[in-house]
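Student: Dropping a structure here in structure tokens format, bear with me for questions.
Residue numbers (my numbering), protein chains in the order written: chain A, 1 to 161; chain B, 1001 to 1143.
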């Protein structure tokens, strides 16, 4: 597997961590309405307490969605080919989430340049809320508009190809 | 959880990818870049196909298909794979949900029971566009 050798093609952007929140009950409810998952443990405080939880908590797919959005913004949602999220710690109202991504490898498959990313979303406590991976096709041609390009993906500390 | 559920499937259902719904979902997951919205047929956000919940009907409810009690179940993992650029607003998909796998493994105190539910999304020509894989886990008290 090799990196593209064509000079002047798209440059791997620098992947900076980003934060989400403090997340609110409104965020959870907005996500529930948008997704169709209306399970009431995520918005009905009395019900959540009746199950032994201190309050409502987020739908895992909300933070998984936020994590995916951060990298989709950089690589373009049209270039996504795979996204997998594993749900770990629950997310509670008031949490501040820190999301980060790292390049695992860059390679060619079916004539396309691809990149595999490892993603993580952590609570302010350091607990991992979502662990994820994503594969994007890298566009050929010129730099994507609006993307801050870094000179080398090695700057991201990943095991780059 | 029903160990005999593997292969069980819901009926095929139609799913319209609508611009307003795409926008609403994108807003809910923080993907609301204005330049993207200039496109009258925006591509879906990465996890948008979860909105199949609005189209599938009870017969395709993965928890129902697998015989899982939702109050004892957790969403453990979710994956979406796309076989080309993800769908855009204006596309109409045909989808079907099935139980792919049921398995157990030891947890910290009890045995954990997992179910993998797969939904295939096809375009009008019948080509596979995307696959969703949901892994659920049931916590069985005292088992």
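Each residue gets a CB set at the ideal place from its N, CA and C atoms; glycine is no exception.
By the 10 Å Cβ neighbour count, where 16 or more other Cβ atoms means buried, how is residue 1092(B) classified, buried or exposed?
Tutor: Residue 1092(B) should be labelled exposed.
Student: Does residue 1017(B) come out as helix, strand or coil in the three-state DSSP assignment?
Tutor: If DSSP states are grouped into helix, strand and coil, residue 1017(B) belongs with coil.
Student: Give the single residue among 1074(B), 1105(B), 1094(B), 1089(B) whose Cα lies nearest to the Cα of residue 89(A).
Tutor: Selected option, being the one with the closest Cα: 1074(B).
Student: Measuring only the C-alpha atoms, how far is residue 1133(B) from residue 1078(B)?
Tutor: Near 6 Å, if we compare the C-alpha coordinates of residue 1078(B) and residue 1133(B).
Student: Quick check on residue 1074(B): does DSSP put it in helix, strand or coil?
Tutor: Of the three classes helix, strand and coil, the one that applies to residue 1074(B) here is strand, per DSSP.
Student: Please state if the CB of residue 1076(B) and the CB of residue 1136(B) are separated by a distance shorter than 8 Å.
Tutor: Yes, Cβ-Cβ distance for residue 1136(B) and residue 1076(B) is below 8 Å.
Student: Is any beta-carbon of chain B found at less than 8 Å from that of residue 97(A)?
Tutor: It does not; no Cβ of chain B falls within 8 Å.
Student: Output yes if chain A places a C-beta closer than 8 Å to the C-beta of residue 1099(B); else output no.
Tutor: No, no contact with chain A.
Student: With a threshold of 8 Å between beta-carbons, can residue 1095(B) be considered close to chain A, or not?
Tutor: Taking Cβ atoms only, chain A never reaches closer than 8 Å to residue 1095(B), which makes this a no.
Student: Run through DSSP, which three-state label would residue 117(A) get?
Tutor: DSSP places residue 117(A) in strand when its eight states are reduced to three.
Student: Taking 8 Å as the threshold (C-beta atoms), are residue 1031(B) and residue 1045(B) in contact?
Tutor: Contact: yes.
Student: Just verifying my parser: in three-state terms, what is the DSSP assignment at residue 1131(B)?
Tutor: Note: residue 1131(B) maps to strand in three-state DSSP.
Student: Hey, which unbroken runs of the beta strand (DSSP E) at 3 residues or more fall wholly within the region 86–130 of chain A?
Tutor: Complete beta strand (DSSP E) runs here, min 3: 97–109, 112–122.
Student: For residue 1035(B), is the classification buried or exposed, using 16 other Cβ atoms within 10 angstroms of its Cβ as the cut-off for buried?
Tutor: Counting Cβ neighbours within 10 Å, residue 1035(B) comes out exposed, since fewer than 16 surround it.
Student: Counting Cβ pairs, one atom from each stretch, are 3 or more of them under 8 Å apart for the region 1050–1069 of chain B and the region 1110–1121 of chain B?
Tutor: Because the criterion of three Cβ pairs below 8 Å is met, the region 1050–1069 of chain B and the region 1110–1121 of chain B touch.
Student: Going along chain A in order, which residues have a C-beta closer than 7 Å to the C-beta of residue 1119(B)?
Tutor: Near residue 1119(B) there are no residues of chain A at all, since even the closest Cβ is about 14 Å away, more than 7 Å.
Student: Going by DSSP in three states, residue 32(A) sits in which element: helix, strand or coil?
Tutor: Residue state, collapsed to three classes: helix.
Student: Answer with yes or no whether the minimum CB distance from residue 31(A) to chain B is below 8 Å.
Tutor: Yes, residue 31(A) counts as interfacial toward chain B.
Student: Restricting to Cα atoms, I'd like to know which of 1068(B), 1023(B), 1101(B), 1138(B) is closest to residue 1110(B).
Tutor: The shortest C-alpha separation from residue 1110(B) is found at 1138(B).
Student: Just to confirm my understanding: we take residue 155(A), look at its own chain, exclude 5 residues before and 5 after, and list those with CB closer than 7 Å. What are they?
Tutor: For residue 155(A), the predicted structure reports a pLDDT of 36, less than 50, and the residue's modelled location is therefore unreliable. The matter cannot be settled from this model.
Student: Could you name the residues of the region 1016–1028 of chain B whose beta carbon sits closer than 9 Å to any beta carbon of chain A, in the order they occur along the chain?
Tutor: Those residues of the region 1016–1028 of chain B that come within reach of chain A (Cβ to Cβ, closer than 9 Å) are 1021, 1024, 1025, 1026, 1027, 1028.
Student: Mapping DSSP to helix, strand and coil, what is residue 1139(B)?
Tutor: It is a strand residue.
Student: Distance check for residue 1129(B) and residue 58(A), CA to CA, integer angstroms please.
Tutor: Their Cα atoms are separated by approximately 29 Å.
Student: Contact check, residue 136(A) vs residue 114(A) under 8 Å by CB: the rounded distance?
Tutor: Yes, they are in contact, since the Cβ atoms of residue 136(A) and residue 114(A) sit about 7 Å apart, within 8 Å.
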